[in-house]
Structures are given as C-alpha cells and as structure tokens.
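Structure first, then comments.
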Amino acid sequence: MANRVGASSWLRGTIVRKGGGSSIANSRTTTPQIQSTSTTIFGGGVKDPSGRTSEYYSADDQCPVCKSDRFLNPKLRLLVSACYHKMCESCIDRLFTLGPAPCPICNKTLRKLAFTPQTFEDLGVEKEVAVRRRIAKDFNKRQEDFPDIRSYNDYLEEVEEVTFNLINDIDIPETEARIAKYKQENIEVIRANHEREEQYAQYLKELEDAERQEREQRALELKRAEEEEREEREKGRQELIDKLETSTKDAAKLVARAKLEAQRRASSRTTSSVFVSSVKGRGRAAQAATVPDVPHVPLQDDWYAYEDKFTLRTNYDDPISEAVRRDREGIMRAGGYFVEQAWERALRSAVAGLEIAPLEGLHTTASSIPVLQHGDVPTSAT
Amino acid sequence: MDAVEKANADRQKRWAKDQKIGEGTYAVVYRGREVATGRKVAIKKIKVGQFKDGLDMSAIREVKYLREMKHQNVIELLDVFSSKTNLNLVLEFLDTDLEAVIKDRSLVFLPADIKAWIAMTFRGLEFCHRNWILHRDLKPNNLLISANGQLKLADFGLARDFADPGYKMTCQVITRWYRPVELLFGCRYYSTAVDIWSVGCIFAELMLRIPYLPGESDLDQIKTTFRALGTPTDEEWPGYTKLPDYVSVGQFPKTPLRDLFTAATPECLNLLSKCLIYDPKKRISAKDALYHPYFSAMPYPSHPSKLPKPAKKESNRPLEEVDGNVEFDGPGPAVRANPPNKLKRKLSDSELGGRPIARKLDFTAM
Chain A
285 MANRVGASSW LRGTIVRKGG GSSIANSRTT TPQIQSTSTT IFGGGVKDPS GRTSEYYSAD
345 DQCPVCKSDR FLNPKLRLLV SACYHKMCES CIDRLFTLGP APCPICNKTL RKLAFTPQTF
405 EDLGVEKEVA VRRRIAKDFN KRQEDFPDIR SYNDYLEEVE EVTFNLINDI DIPETEARIA
465 KYKQENIEVI RANHEREEQY AQYLKELEDA ERQEREQRAL ELKRAEEEER EEREKGRQEL
525 IDKLETSTKD AAKLVARAKL EAQRRASSRT TSSVFVSSVK GRGRAAQAAT VPDVPHVPLQ
585 DDWYAYEDKF TLRTNYDDPI SEAVRRDREG IMRAGGYFVE QAWERALRSA VAGLEIAPLE
645 GLHTTASSIP VLQHGDVPTS AT
Chain B
173 MDAVEKANAD RQKRWAKDQK IGEGTYAVVY RGREVATGRK VAIKKIKVGQ FKDGLDMSAI
233 REVKYLREMK HQNVIELLDV FSSKTNLNLV LEFLDTDLEA VIKDRSLVFL PADIKAWIAM
293 TFRGLEFCHR NWILHRDLKP NNLLISANGQ LKLADFGLAR DFADPGYKMT CQVITRWYRP
353 VELLFGCRYY STAVDIWSVG CIFAELMLRI PYLPGESDLD QIKTTFRALG TPTDEEWPGY
413 TKLPDYVSVG QFPKTPLRDL FTAATPECLN LLSKCLIYDP KKRISAKDAL YHPYFSAMPY
473 PSHPSKLPKP AKKESNRPLE EVDGNVEFDG PGPAVRANPP NKLKRKLSDS ELGGRPIARK
533 LDFTAM
C-alpha cells in the first residue's frame, strides 16, 4: 500500500513553469511553489483528481511543421502524435484529413484520430507516462503473488526493463513479443489483480462517504446541542423571573442560586461533549474544552506608552527630506512613502527609554571608575 | 588564540549540529541542539566561499535585523558563530509553516483558526514596523509555526529598515503572488503598506485554500490583480499612472469580495478589503488592523495550541527555517524527466542491497 501512495504522489507534486523561463523581473531564484492550482499539470492526457485535464501551453509555442507561432495565430494548439512529434491543428487537418499519411518529421504512418493533447512540457515525460500506464495495466502483480522477495525484485526488474526498452525504442519487436507472452501466461493473475484493485477503489470510496456522513452527523449534533442550550437558558431565566415575582425570599439570593445552577448545567454539558468527541477519536474538539479561547488583545506590551512624550508637527525644517516634499509628480505619494515617518522615527528614537530606570548594579561599576577632575593627572600615567 | 577566536570557539561549543535538513543556494540548514539543555534548534550555515563579493546580502540582512528583535511572533536568532570559513546562524526550531498547513487537505480550518493566524501575523508585523523594519517577503512559506502553535515571521533575507528620507529602495522584492501593485509598477519609494498587501493575500489564501492572486509573470500579476479587484481609478489611487513602470492592462470591473468569499463575515471582508486597497496611503496599518472589529467579534481567535497542524508522518520534507529555493535531498515529489540520451539503466549493487524492495510505480490509478 505504501508503494501505491508513493507512486501517485510522484505525479501529483508536479510543478511546471509555464511560458518558458522568460519572467523578466523575477527577483528571487525561487518560483512561487504551490501544488494544486489550475496551472498544475497531471499525467499524459489524463484527468487530475478533480476530473479536469490540463493541457500544456506556452507563450513561445511554435508548430515545427508550418512554423506558425502564437504571435501569428493566438489560437495555436499543438497536439502530440503517436510518434511523439508536435504539430498544430491546422497542419493535422491539412495532412491527415484524406486518411493515414506519413509523419512529416519521422515518416511513421499516422492517423488523424491518434493525436492527443500535450500535458507535459517535455515530450519524453509524455511518452514515459503513456508507456508506464500501458505497462502497469498488464504487469500488475504484487509482492503477495511471489514466494520470496528475490523473485519479486526480479519481476520488477523485468518490468522496468520492458518499460525502458519501450521508452527508448530498443528492440521493439522483441519487447512486444515479451509483453504478449507475459500476458498470455498470466491472464488469470492479471484479471484477479484488476478485480482486487477495483475492490480497493470501491472500499476507499465507501470510506470517504462514511467519513462525510459522520461529519454531517456531527455538525447536526452540534447544532442541536446549541439549540437545547439556548432553550434551557431561556427557561432558566423565565423561572427566575417567575420566582422573583412570587417568592418572598431575598432577591439577591435567588439570583445567585440560579446562576450557580446554570453554571453546573454548563459544566456537565461540556464534560459530556468531551466524552463524545474523544470516542470519535478527534483530538481537536476534546482540546477545545480544556484550553479556553481568550479574547483578542491588540497589543500585548506597552510600547505605545511613549505616545505622550512627543508631538509630531506637520512640518519641519529638514533639508534632507526636501527632495521628498518637492515630489511634484506625486510618485512618492502614490507609492505610499511618508516623510512624516522619518520624523516620527527620529522623535521616537529620541524619547524611547525615557523613564526607564537604569539597570541594577550599573551604579556601583560607574562609581568604581575614578572620575578625573580638572587638573588631575591619571595615576597610570605616572 | 586571540580573544575573538576564543569567544567564537566558546559559542560554537554551546551548539551541536545533527543531521542536515535542507540546502539552498546560499545556506545549508541543519537540525541541532543546545548542548547544555538539549533544546532543539535549527542551524543555518551560510556558504561564504562561493560569493565573489563576500557574504551574501540576505545573510547580512537576516543577522542585522533578527539580532535586534525579540517578539513571540518573530523567529528568534539565538546565536551567531563562525566555523572555519562559514557563518552559522542558530535559530529557534520551528515544526512547520503555514504553507504546509494550507496544503494539507485533511485539515479543516474554523473561522476562529484563521482569525488566530492573522492576528499573530499582524502582531509580528506590527512589531517589525514599529521597529522600522520592512519584512518584504511575507508569504505562507515564511510564516513558521512552533510546536505550541505560535506563528512566527521568518526569513528576513529581504528585510530592510525604512523611513530614511529620499533613499531609493528596490521594487524587486516580495514573492510575486504577494507583491502589491505599486511595486509591480516599479515604485522606488514605499513603506509599510507593501507588507500589509502581502498579509491581505495570505488572509485570502487561508480562506480559499489556494493562492489568491497567482500571476504567471509580473505583467500577468498586474492583470490578475486587476481582474480580481477591478482596475483602480485616479480618484481611488491618485497619481499611480505616473509610476515609473506603469503600463495599462485594460479596464476590469470591480467585483464585490462577497462573490468569492461567500462564507466570510462582514467584519472579515471589511478587514480584507482594507488590506487590499490599491492606494498604499489608504491601506490599513498593522496597528490599526489589530484594533479592527474583526478580531474582537465572536468567535474568539483559537488558542494557539488548538490550531490545526499537518500530521507528523508526512513530513519527509524539512519544515524548518529554510528558504524557498531549497532543494531537498532524497527523492522529491517533482517529476523529473529521464535525460533522453541516457541509454542504459544503471542499477548498482549498493542500491539493491540498501533497499530490499524496489519501488513499484503505479500508473493505473490515474
């Protein structure tokens, strides 16, 4: 199972930079990295998990056959042939409408319907993905199908060799024969494994459904609990008012007792909810009861205590910032630059630290340094 | 050994380096610990020899600013020492980053969680701004999360102090998707508002779970932004057409944020829209944002310890203080093409011996 997860993530994390490397003013050596957006590319002409197919597209696309490019034809769309050569839709129309014809690049006979959209920038990858997909369909044995790890490794080695040969066009007829032979010999196992995989997919789907249902259920319960709580509170208040009206006891005492009761009810409710959530195995809700959220405190220190130590005037005689204020075009203003910030910075630096007591112990060291009086001669000099 | 060397050796002895976690163009990151206490740290070793002009600029910036800042929402630089010709930064060890949290599809965010993260981001940012430091590279990847859930601003490699009159600043900062329009138009005089825009984008990303403005090039970034928020008018943002690299990318209509963020509360959208105001002068400041009614409204922000975190087991990638341009060792998730002319598959004995089961690639699931 671990193998399966590893293999699918191998494709999922693809990051393809579109439009070639021509971003002029990229200040950093990094490109923004993100895993799943519309720009993410998935395997050769295949659908991504959300069911979309994304096609490779670049601003510098050019049809190798007719040399038309995106500048001449903004709607240019390049498709990939069975022999992994790119050409544009109009070339395909022109060459293959009248039936099978040779590829203008490698002379292999091609049909119009056998062209597929490109998903990867590198056609080598495109081919490898297609070959691997084809191979994986038949070579689907698992480790359990082998007596020992040695033979399983040999099998994987063989699969890899066949794949490698197909990808790099080495001994194609011989390799095809090998595949056909393997297929015939293992018909039973292949079918069984297919079924097993389908079952597993089914199982995953069921699991997902169950999880969703549970989530919905939980949301519903939460809503109900809230509703109940509100009703209870309402009832409690009504009771209290009634009592205050009818009873002859001290009003303050009655109120205090009602409060106590409400508190007890609330605490019993949270403990029961903790129990429920811990049974569900989700730590989050359980934690919610133990660590209370605290209201937002904008600033958690007293930096702005210096606010009353200075007043910022609207203008200063400041030769250095003259250029900024003369900014006729408004460029600095449009960019959000404030001269006032420079002044404020200077003022704040001046007042910061006022009223803070000197560090302990500083006094003694200061007094231990001999203070030279006017006319004294330093002792070290004598 | 002179006094300086001795002091350095003493410092070096306080920290022990363990295994390597990641490597970037200018630094290697190791997991480490404090010898005396066993406390986990991350040690960022800056490669010095490679650069003609001496130490890499971002290393200098990082040390310069982190050395002065101590706040619970800013990563702590614990120590700096040199070993042979390398410079080593000892940083607080942090488990994960906000990007990993956003990407982990198994996690469900409550509105209170988003509120807590944004509040912590603003708090850290307010601390930087009050100390006259611009971060200039805010993105989920640089918001690290500690074991107890505290979010911390990290990667001060592009930071600088601001408000010095008349000095030009570079506009080639901030990862493109989080870059405000004034920088895309080449503005050389800017201020704290650039960081606020980034926070706005992160805020939106937390709600959408995908990047809000993913432009494919700098020009496309302007278009993407205008498509999402409408082309600004001259009253809305006076003088922006005079910015050095201004280009006209056409008129786009304004669409209300409500159309995209259907589940957000009115306060939430109000704060988001104030972070994404085109005119930097009108954009909300970090301090004002912290006093915004969004944070005081119910629900309270989640307690940091309760915030969702990605599951531990999947973390085969390093999640510590590393730059975006790090290449991880070991088989990464990215698809790598076989070089077409590599004609013989190599399978060494050591490979067979080291790994008992060959990895099987499964393509049927697609």
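Line by line, the protein sequences give chains A and B.
Reading the first sequence from the start, the letters are residues 285 to 666 in the numbering used here.
Reading the second sequence from the start, the letters are residues 173 to 538 in the numbering used here.
C-beta: ideal position from N, C-alpha, C; glycine also.
Comparing alpha-carbon positions, the option among B:Ile218, B:Leu310, B:Tyr412 lying closest to tyrosine 198 of chain B turns out to be B:Ile218. By the beta-carbon neighbour count (other beta carbons within 10 angstroms, threshold 16), phenylalanine 355 of chain A is exposed.
Taking C-beta atoms as the reference points, glycine 372 of chain B and leucine 444 of chain B count as a pair closer than 8 Å. With 16 or more neighbouring CB atoms inside 10 Å of its own CB, lysine 370 of chain A falls in the buried class. Between valine 273 of chain B and lysine 481 of chain B, the C-beta gap is smaller than 8 Å, which places the two residues in contact.
If you check each beta-carbon in the region 449-475 of chain B against every beta-carbon of chain A, the ones closer than 8 Å belong to Asp451, Pro452, Lys453, Arg455, Lys459, Leu462, Tyr463, Phe467, Ser468, Pro471, Tyr472, Pro473, Ser474, His475. Between alanine 331 of chain B and leucine 310 of chain B a beta carbon distance of about 10 Å is seen, past the 8 Å cut, so the two are scored as non-contacting. Rounded to the nearest whole angstrom, the C-alpha separation of lysine 340 of chain B and cysteine 359 of chain B is 9 Å.
CA-to-CA, the gap between glutamate 516 of chain A and leucine 270 of chain B works out to about 40 Å. Exclusion of the five residues before and after alanine 284 of chain B leaves Pro471, Tyr472, Pro473, Ser474 as the residues of its chain whose Cβ lies within less than 7 Å of its Cβ. Nearest C-alpha to serine 254 of chain B among B:Ala231, B:Asn245, B:Tyr463, B:Phe265: B:Ala231. Here DSSP, grouped into helix, strand and coil, assigns leucine 323 of chain B to strand.
Counting other Cβ atoms within 10 Å of its Cβ, glutamine 402 of chain A reaches 16 or more and is therefore classed as buried. By the criterion of a C-beta distance shorter than 7 Å, glutamine 244 of chain B is surrounded in its chain by Gln322, once the five residues flanking it on both sides are discounted.
If you check each beta-carbon in the region 429-440 of chain A against every beta-carbon of chain B, the ones closer than 9 Å belong to Ile433, Tyr436, Asn437, Leu440.
Listed in chain order, the alpha helix (DSSP H) elements of length 4 or more contained wholly in the region 329-363 of chain B are 353-356. Under the three-state reduction of DSSP, alanine 343 of chain A is assigned to coil, being neither helix nor strand.
Beta-bridge annotation (DSSP): leucine 315 of chain B is paired with B:Leu325. Here threonine 397 of chain B is near leucine 385 of chain B, since their CB atoms are less than 8 Å apart. Here asparagine 313 of chain B is buried: its Cβ has 16 or more other Cβ atoms, across all protein chains shown, within 10 Å. Per DSSP, the unbroken alpha helix (DSSP H) holding tyrosine 484 of chain A starts and ends at 471-530. Annotation for glutamate 234 of chain B: the continuous alpha helix (DSSP H) segment containing it runs 229-238. Here DSSP, grouped into helix, strand and coil, assigns aspartate 438 of chain A to helix. Minimum Cα-Cα distance from proline 352 of chain B among the listed residues B:Trp187, B:Leu429, B:Lys453, B:Phe467 corresponds to B:Lys453. DSSP assignment within the region 385-417 of chain A yields no whole beta strand (DSSP E) run of 3 residues or more. In this structure, the CA atom of phenylalanine 399 of chain A is about 37 Å from the CA atom of aspartate 493 of chain A. In the three-state reduction of the DSSP assignment, arginine 205 of chain B falls in the strand class.
For glutamine 483 of chain A, there are no C-beta contacts with chain B under 7 Å, since the nearest C-beta of that chain is about 13 Å from it. Any Cβ of chain A closer than 8 Å to the Cβ of alanine 291 of chain B would place that residue at the interface, and such an atom is present. Taking C-alpha positions only, valine 220 of chain B is separated from asparagine 260 of chain B by approximately 10 Å. If you ignore the 5 residues before and after glutamate 410 of chain A, its C-beta comes within less than 7 Å of the C-beta of Gly328, Val364, Tyr368, Gln402, Thr403, Phe404, all in its own chain and listed in chain order. Counting of Cβ neighbours within 10 angstroms places alanine 483 of chain B among the exposed residues, the total staying below 16.
Neighbours of alanine 335 of chain B in chain A, taken as residues at a C-beta separation under 7 Å, are given in chain order as Gln625, Ala626, Arg629. Taking C-beta separations shorter than 6 Å and ignoring five residues to either side along the sequence, arginine 430 of chain B has no partners in its chain. For glutamine 625 of chain A, the enclosing alpha helix (DSSP H) stretches over residues 623-635. For aspartate 285 of chain B, the enclosing alpha helix (DSSP H) stretches over residues 283-302.
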